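For the sequence shown, the numbering used here puts the final residue at 594, and the numbers step up evenly by one. These notes are about the structure you will find just below.
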Amino acid sequence: MGTLPLPERLRKCVELVLRFWGHRVSVEWSEDPFELLVETILSQNTSSENAERAVESLRRLCGGVLTPERILEHSTEEVAESIRIAGMQWRRAVVLRRLCSVLLTQGLDLRRLSDLPTPELRRRLLELPGVGEKTADILLLFHYRRPVMPVDTHITRIVSRWVGRRLRYSEVQDLLHRVLPPDPELYARTHLALIQFGREVCRARSPQCSQCPLSIYGLCPSRCGGGVAGHGGGAPERS
Ligand code: SF4
Numbered sequence: 356m357g358t359l360p361l362p363e364r365l366r367k368c369v370e371l372v373l374r375f376w377g378h379r380v381s382v383e384w385s386e387d388p389f390e391l392l393v394e395t396i397l398s399q400n401t402s403s404e405n406a407e408r409a410v411e412s413l414r415r416l417c418g419g420v421l422t423p424e425r426i427l428e429h430s431t432e433e434v435a436e437s438i439r440i441a442g443m444q445w446r447r448a449v450v451l452r453r454l455c456s457v458l459l460t461q462g463l464d465l466r467r468l469s470d471l472p473t474p475e476l477r478r479r480l481l482e483l484p485g486v487g488e489k490t491a492d493i494l495l496l497f498h499y500r501r502p503v504m505p506v507d508t509h510i511t512r513i514v515s516r517w518v519g520r521r522l523r524y525s526e527v528q529d530l531l532h533r534v535l536p537p538d539p540e541l542y543a544r545t546h547l548a549l550i551q552f553g554r555e556v557c558r559a560r561s562p563q564c565s566q567c568p569l570s571i572y573g574l575c576p577s578r579c580g581g582g583v584a585g586h587g588g589g590a591p592e593r594s
């Protein structure tokens, strides 16, 4: 680590993660913001496999097309039953139907928001039922292609360990925005590479520090035996 200033050290950390994990992820842009919103709401606090199965099941219920109108043709019970695999199906069904109602009542077509500046667009998304910071930022990046980094539980934990203390969502995001040029493709690849790195190496429990390139290059104060912040510097396990 030496005396490298924090932004420079974080830039090197991100570069290494991209070098080793960036080629193993593929960026897929979403053409349909409503569908991406539903997928993201269903993926909260569940595995990606179960979220995908829930989306497919809901799509079948809606005759193959996910739209607010089609979802509202079904009762809360029917929606909940179709997304049961994702867990918390009642709460999610209520949120989804409320979201659909708001979109239809306001006549709000998410595709038509594309011309808004990013801060205004983010504010509009955050006003919708079921949409928190991470969900809004996923839409901003993967549909609207804005250079905004969504921060999930893996990314919070990893960057907190790099810094050596627990960080809030906005702190993690600000740091990553400072070290990355504003390129949506690069943001998307970095987001996915960090998640992969968090699943395989910088795990919540038993991080594989001995196999971690950041440890080898002396860039992480939380590495096993590093003695600076230890893994207590990890992040809270909520998105
Ligand atoms: S050295 Fe350990 S704590 Fe630090 S980034 Fe690598 S796996 Fe995570």
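Built from N, CA and C at the ideal position, the CB exists for glycine as well. Note that the coordinates shown come from a computational prediction; the quantities given were computed from them, not determined experimentally.
Inter-residue spacing [alpha-carbon to alpha-carbon] between residue i and residue j
i	j	result
residue 513	residue 398	20 angstroms
residue 525	residue 492	11 angstroms
residue 409	residue 421	12 angstroms
residue 437	residue 411	9 angstroms
residue 431	residue 387	23 angstroms
residue 427	residue 360	53 angstroms
residue 561	residue 555	10 angstroms
residue 434	residue 400	18 angstroms
residue 499	residue 358	38 angstroms
residue 414	residue 390	10 angstroms
residue 564	residue 576	11 angstroms
residue 558	residue 457	38 angstroms
residue 468	residue 538	20 angstroms
residue 465	residue 570	43 angstroms
residue 472	residue 494	14 angstroms
Status (buried if at least 16 other CB within 10 Å, exposed otherwise) for residue i
i	result
residue 572	exposed
residue 485	buried
residue 481	exposed
residue 418	exposed
residue 403	exposed
Cβ separation of residue i and residue j, assumed to be a contact under 8 angstroms, to the nearest whole Å
i	j	result
residue 527	residue 506	5 angstroms
residue 395	residue 511	Residue 395 to residue 511, Cβ: 17 angstroms. No contact.
residue 548	residue 382	About 10 angstroms separates the two Cβ atoms, so there is no contact after all.
residue 534	residue 369	6 angstroms
residue 551	residue 439	In fact, because the Cβ distance is near 28 angstroms, the residues do not count as touching under 8 angstroms.
Where residue i falls: helix, strand or coil (DSSP)
i	result
residue 506	coil
residue 400	coil
residue 417	coil
residue 575	coil
residue 439	helix
residue 299	The requested residue 299 is not part of the displayed model; the chain covers only 356 to 594.
residue 538	coil
residue 546	helix
residue 383	coil
residue 365	helix
residue 491	helix
residue 455	helix
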